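In what follows, a single structure is set out as structure tokens and then discussed.
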Amino acid sequence: MMKVGVIGAGPAGLSCAYQLAKAGIKTDVYEASGHVGGLARSFDLWDQRVDLGPHRFFSKDPRVNRLWLEVVGRDYLMVDRLTRILYNNRFYRYPLQAVDVVTKLGAAEMSLCLLSYMRQKAAPTESGGEETFENWVVRRFGRRLFEIFFKTYSEKLWGIPCSELDADFAVQRIKKFSLFEALKAAVSTDKSGKHKTLVDRFAYPVEGTGMVYERMAAYVSEKGGNIYLKAPIKRVINTAREVKGIELMDGRTENYDKIVSTMPLPLLVLGLHGADTEAIASAKALKFRNTILVYLNVRNDNLFPDNWVYVHSPQMKVGRITNFRNWSPRLYGASSNSILALEYWCDESDAFWSWDDNKLIELGMKEINDTGLARAGDTSEGYVHRINRCYPVYMKGYKKLLKPIEKYLDGMKGLTVIGRYGAFKYNNQDHSILMGILAAENIVNGAENNLWATNTDYEYQESALITETGLVELNK
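Residue numbers for the sequence shown follow the numbering used here, beginning at 36 and rising by one.
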């Protein structure tokens, strides 16, 4: 009987394990932390429930939606999305809306933005070689709007200039959206062709996004698999070009016929015996960005209506603020307080990563007061949560670094790599779930899904949406 080991209990790893368990394959999951869900984990805090920042679920892929509904059942609600950008003490609707931008920027500033956009249309900025995030966005919005609505936030998140950030970040998250699309969306009454970036409703589990993965883990256990928590993996054991099992940090080893890894790609490669020298050099050059979440317990149940706010104001260090009061009533229950999560990003080598928790909470209280979203004096307590290696950095040239790694791992029999960490892809939940589904198909049915090609900008030939009543197929 085949035995599979899955490294990582996040969306990709658990989706794969869940599908394998359904097929009757003995599957063990190893998770370094003490919890399942990965970046999509939920946890209890101050008699409420919170996520690790905002985690909305949205997909048009019927395979992903069917699996999600199979796990969640009717225990979800549809949330009306409201997100805004804070810039220069004003709040702008995001995705950008023409009337809102014109009103708040003012006629003079908006005229300069339109002039900048038209200048780009007349004489587009040349990429000069590798396409960058900056060039990509400037061509679609003009330089002036790029500097107002894209530059500061992106550089906070990635820690590098937008001119050094690969255009893939824009292609995967902004896609074909442009100033023209924003203007068209603002005046159109036909929402059937609305771009994915403009999605204004999403499905959300009533007890937090982590509920999905807690249920997947429970199912794997019910089917005879094991979920090992606080079980970090030291390396995948291989002989020549075939995997044999795993070695844990405590020295224990377990044999498996196949391994599915969602551990950070560089750590996987560097732990393999006899790894290709070019693959090792590339693995060492890949970079991840860290996140620090500062949670604040605020004595107010009606702070602001947004699910989350993007902070583009350059004078503030915070990048995004989530208000869990605006997701599901089951999160806050009987509490009259609101829990906010302030996101800060840094490199592991930055002094900020090692700041004392109290110092971080003080910064969070000051900055939430500066935004005008809440008063520092209403904050009763704070909590800090650090996440290491959570954003794969799409720096210029990263795809060239991945090629020798992909080539080497493709020749490793019995090994599959998936997920945001494992495949070095800036996945949303739906993308990671899809990778888990496809990986399981390869193992169970001998399918030949190219998982490296499963990216965040994929389009599926069928289309279906989750609504209040379940799955609705759009192309029938």
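Note that beta-carbon positions come from the ideal geometry of N, C-alpha and C, so glycine has one too. Predicted, not measured: the structure shown is a model, and the values here were computed from it.
Which listed residue (the options) has its alpha carbon closest to that of residue i
i	options	result
Tyr345	Thr406, Ala310, Tyr291	Thr406
Leu80	Ile294, Lys265, Ser373	Ser373
Tyr429	Leu140, Ser370, Glu166	Glu166
Phe419	Leu302, Ile294, Gly88	Looking at the sequence provided, one finds Val at residue 419 rather than Phe. That would be Gly88, whose Cα lies nearest to the Cα of Val419.
Pro196	Ala67, Lys431, Met113	Lys431
Ser50	Thr297, Lys186, Val137	Thr297
Thr504	Leu375, Asn477, Arg178, Leu104	Leu104
Lys438	Ser198, Glu313, Pro240	Glu313
Asn393	Glu182, Val329, Val452	Val329
For residue i, the three-state DSSP class (helix, strand or coil)
i	result
Phe126	strand
Pro427	strand
Trp390	coil
Ser151	helix
Tyr461	coil
Glu182	helix
Thr451	strand
Asp135	helix
Glu257	helix
Asp203	helix
Arg18	With the chain running from 36 to 511 in the structure shown, residue 18 is simply not present.
Leu506	strand
Ile262	strand
His466	helix
Exposed unless 16 or more other CB atoms sit within 10 angstroms - verdict on residue i
i	result
Arg109	exposed
Gly228	Below a pLDDT of 50, predicted positions are generally treated as unreliable, and Gly228, at 45, falls in that range; no measurement from the model is reported.
Phe459	buried
Asn463	buried
Asp285	exposed
Glu378	buried
Pro130	buried
Val507	exposed
Val134	exposed
Lys226	Unreliable placement is indicated for Lys226, whose pLDDT of 47 sits below 50; the coordinate value is still reported in the next sentence. So Lys226 counts as exposed.
Asn170	buried
Gln155	buried
Asn273	buried
Pro349	exposed
Asp63	buried
Thr502	exposed
First through last residue of the beta strand (DSSP E) which encompasses residue i
i	result
Cys381	373–381
Leu112	111–115
Arg84	83–86
Lys61	61–65
Ile501	499–502
Val39	38–42
Element boundaries [alpha helix (DSSP H), containing residue i]
i	result
Pro240	Taken as a continuous stretch (DSSP letters only), Pro240 belongs to no alpha helix (DSSP H), being part of the beta strand (DSSP E) at 236–240.
Val173	168–176
Asp79	No alpha helix (DSSP H) holds Asp79; the beta strand (DSSP E) holding it covers 77–80.
Subject >> Minimum length 4: unbroken alpha helix (DSSP H) runs contained in the stretch 275–361 >> reply: As far as the stretch 275–361 is concerned, its whole alpha helix (DSSP H) runs of at least 4 residues are 300–306, 312–320.
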